[in-house]
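Enquirer: Throughout the sequence shown, residue numbering follows mature numbering (1 follows the signal peptide of the UniProt record, and there is no 0), covering -20 to -1, 1 to 61 in sequence.
Have a look at this one before I ask anything.
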Amino acid sequence: MKKFFLIAALATFAAGSAFAQDSCDTKAVGKDGKPLAGAAKTSFMKKCMAESCEVKAVGSDGKKLAGAAKNSFMKKCEAGT
């Protein structure tokens, strides 16, 4: 049962990261309504992915992750794996 829950949770995070990538890409628009490009887009995407992963950094007990566990989760989430 625990293995099933773990696999389901990991699949959800992997899918969530892919959806976050798409939603961040669609939000990457400047004040003038034009799509961002170059360094501005890279910076925006990095910030957007970090924010979307921050919300998901929750342990199995429902508490926010901290320390090494949070760092590991954030690194994996932002990489999209």
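Backbone N, C-alpha and C define an ideal beta-carbon position, used for all residues, glycine too.
Reducing DSSP to helix, strand and coil, say where K44 ends up.
Expert: What you label residue 44 is simply residue 64 of the sequence shown in a count that begins at 1. Residue state for K44 is assigned as strand, using DSSP reduced to three classes.
Enquirer: Under 7 Å Cβ to Cβ from F24, same chain only, skipping five residues before and after it: list those, please.
Expert: Counted from its first residue, the sequence shown places residue 24 at position 44. Excluding residues up to 5 positions away in sequence, A8, L16 lie with their Cβ nearer than 7 Å to the Cβ of F24 in the same chain.
Enquirer: For F53, which residues of its own chain have a beta-carbon under 6 Å away from its beta-carbon, when the five flanking residues on both sides are left out?
Expert: Here residue 53 refers to the residue found at position 73 when the sequence shown is read from its first residue. Counting only Cβ-Cβ distances below 6 Å, and skipping sequence neighbours, we find A37, L45.
Enquirer: Could you check how far apart the C-beta atoms of C57 and C33 are, in whole angstroms? I think they sit under 8 Å.
Expert: Position 77 of the sequence shown, counted from the first residue, corresponds to residue 57. Position 53 of the sequence shown, counted from the first residue, corresponds to residue 33. Right, their Cβ atoms sit about 4 Å apart.
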